[in-house]
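J.:
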Amino acid sequence: MTSVKAWPLLLLQFSLVSMEKGCPFPDLNGKIILSAESRQKNNFPDNSKAVVECARGHEREEGSDVIICRSGKWSDPELKCKKIDCGSPEDSPHMTYSITEGTLFGARIKPICERGYDLEGSSYWQCLVSGWNGKSTCSLITCDEPSPIEHGKFSKPRNIIQLDDVVEYSCDDNYTLVGDRFITCGQYWEYSSPPPECKAITTTNKATTTATDTTTATATDTTTATATDTTTATADTTTATETTTASATTLSNERILYEPLTPSPSESSFKSNDTSTFVKQKSKGTGV
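Mind the numbering: the sequence shown is residues -22 to -1, 1 to 266 in mature numbering (1 follows the signal peptide of the UniProt record, and there is no 0), read in order.
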C-alpha cells in the first residue's frame, strides 16, 4: 500500500510527463517528403526522429535525411534535393527539337523533322523519372508511282518520287492533253492534282463538206445558168435574125409580086428583053 508521503512524488512525475510536448506531422516543401516508414507513425514525441527523402522527380544532392523533434518542433531538414534533369534528347536522323521549357523533370520538348520528312510517333516528349518518354522518327515523304494514261506517257526526276518532285505528262501524236501537264508530290504524300487525259484530235469534217458542197453548187449553178442563159440568148438572137430575114424576104417578095408587069409611060424606053429579065427575077424570088 502506497503511503501518503509517496503521493506528491507520483503527482510530480505525472506532471512532468504531461508537460512533455510531441511534434505534429512534418510540414515539408515539395522537394522533400517523409519516408514510407515515417508516414506509418501516428505521433512524434519529443526527441523522436523521422526520415525524409526526395520527392518524385527529384534526386538527392546533399545533406542528412533525418529530422528530430525537439520541444514540439522539428529540426530544419539538411537534405537538399533537385529536379531530375533529362538532358538533351538523343540525336535522331533528320530531326531537331524545340526546347522552350528546359530539360528538367516535367518539361516537354517538341521534335521537328527536316523538310521532306514526316514525323511519325510522339508529337511531344516529356521528362520523367526514367528520362524522356517520347519516341519519334522522321520518315522520308514519298508519293506513289504516277498513274499511267492511255495514249500518253510521263517522265519523273528519280526512281522514288519525293517531296516537291515534279512529274510531267505528254500525249502521243494526234492526241491532245486535257488537265495539268505537271503534277507535284506534296507534303501529305499526295500529288497536287490527278493525272491528265489524252484525247484524240478531231477535225470539223461537216463544216469542210458544207463549204465544198456550197462551192460546187454555186459553181455548177452559175455555170449552168450562164450556159443556159447564153444558149437561150443566142437562140433568141438567131430566131430574131431569122424572123427579121424572113419578114424582109416576105416584104420584098410581096413588093415584087404586086408591082405591075406593064411598064409605065416613063419606062417605055425599056426594051422588051429587059422586061423578060425582070419577070424572071420575080419568078426566082417567089419560087415560081
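Quick reminder that beta carbons are idealized off the backbone N, C-alpha and C, glycines included.
Small disclaimer: the values here were computed from a predicted structure and weren't measured.
Would you check if the distance between the CB atom of K60 and the CB atom of E31 is smaller than 8 angstroms?
T.: No, these two residues do not count as a Cβ contact at 8 angstroms.
J.: When the Cα atoms are used, what is the spatial distance from I77 to T115?
T.: I77 and T115: Cα-Cα distance of roughly 17 angstroms.
J.: Mind checking whether I62 and V107 have CB atoms under 8 angstroms apart?
T.: Against a cut-off of 8 angstroms, the Cβ pair of V107 and I62 comes out as a contact.
J.: Within the chosen definition, does the stretch 70 to 90 reach the stretch 43 to 51 through at least 3 CB pairs nearer than 8 angstroms?
T.: Not touching, per the Cβ criterion.
J.: Helix, strand or coil, according to DSSP, for R86 in the structure here?
T.: Here R86 sits in strand by DSSP.
J.: When you compare only the Cα positions, how much space is there between G130 and Y147?
T.: Approximately 7 angstroms between the Cα atoms of the pair.
J.: Should I10 be labelled buried (16 or more other beta-carbon atoms within 10 Å of its own) or exposed?
T.: By the 10 Å Cβ count, I10 comes out buried.
J.: List the DSSP bridge partners of T181.
T.: DSSP, once it has assigned bridges, lists no residue as partnering T181.
J.: Measure the alpha-carbon distance for F160 versus V145 and round it to whole angstroms.
T.: Near 6 angstroms, if we compare the C-alpha coordinates of V145 and F160.
J.: From the DSSP output, in three-state form, read off Q165 for me.
T.: Q165 falls in the coil class under three-state DSSP.
J.: Suppose you measure from the CA of E175 to the CA of D151; what does that come to, to the nearest Å?
T.: C-alpha separation (whole angstroms): 14 angstroms.
J.: Where does I179 land, buried or exposed, given buried means 16+ other C-beta within 10 angstroms?
T.: Counting Cβ neighbours within 10 Å, I179 comes out exposed, since fewer than 16 surround it.
J.: Could you tell me if S16 is buried or exposed, where buried requires 16 or more neighbouring beta carbons within 10 angstroms of its beta carbon?
T.: Buried: at least 16 other Cβ atoms inside 10 Å.
J.: Look at the Cβ atom of G112, then the Cβ atom of Y102, and state whether they are nearer than 8 angstroms.
T.: It is a contact, given that the beta carbons lie within the stated cut-off.
J.: What is the DSSP secondary structure of S171, counted as helix, strand or coil?
T.: S171 falls in the coil class under three-state DSSP.
J.: Is S148 helix, strand or coil when you go by DSSP?
T.: Strand at S148.
J.: If we ignore side chains and look at the alpha-carbon of each, how far apart do S13 and C64 end up?
T.: Near 24 angstroms, if we compare the C-alpha coordinates of C64 and S13.
J.: What does the alpha-carbon distance come out to for the pair T81 and P89?
T.: Answer to the nearest angstrom: the Cα atoms are 13 angstroms apart.
J.: Among G109, P67, D143, D24, whose alpha-carbon lies nearest the alpha-carbon of D122?
T.: Of the candidates G109, P67, D143, D24, the one whose C-alpha sits nearest the C-alpha of D122 is D143.
J.: Going by the CB atoms, is the gap between V44 and K58 shorter than 8 angstroms?
T.: No, they are not a contact pair.
J.: With DSSP run on the structure shown, which of helix, strand or coil describes R93?
T.: The answer is coil: DSSP assigns R93 none of H, G, I, E or B.
J.: Rank E168, G35, G109, Y153 by C-alpha distance to the C-alpha of S125 and give the top, closest one.
T.: Ranking the options by Cα distance to S125, first place goes to E168.
J.: Between which residues of its own chain and G(-1) is the CB-CB distance below 8 angstroms, once the five residues before and five after are set aside?
T.: The answer, listed in chain order, is N21, F22, P23, D24, S26, C47, G50.
J.: According to DSSP, which residues form a beta bridge with H36?
T.: Partner(s): K61.
J.: Just to confirm my understanding: we take G35, look at its own chain, exclude 5 residues before and 5 after, and list those with CB closer than 7 angstroms. What are they?
T.: Around G35: K61, I62, F83, G84, V107.
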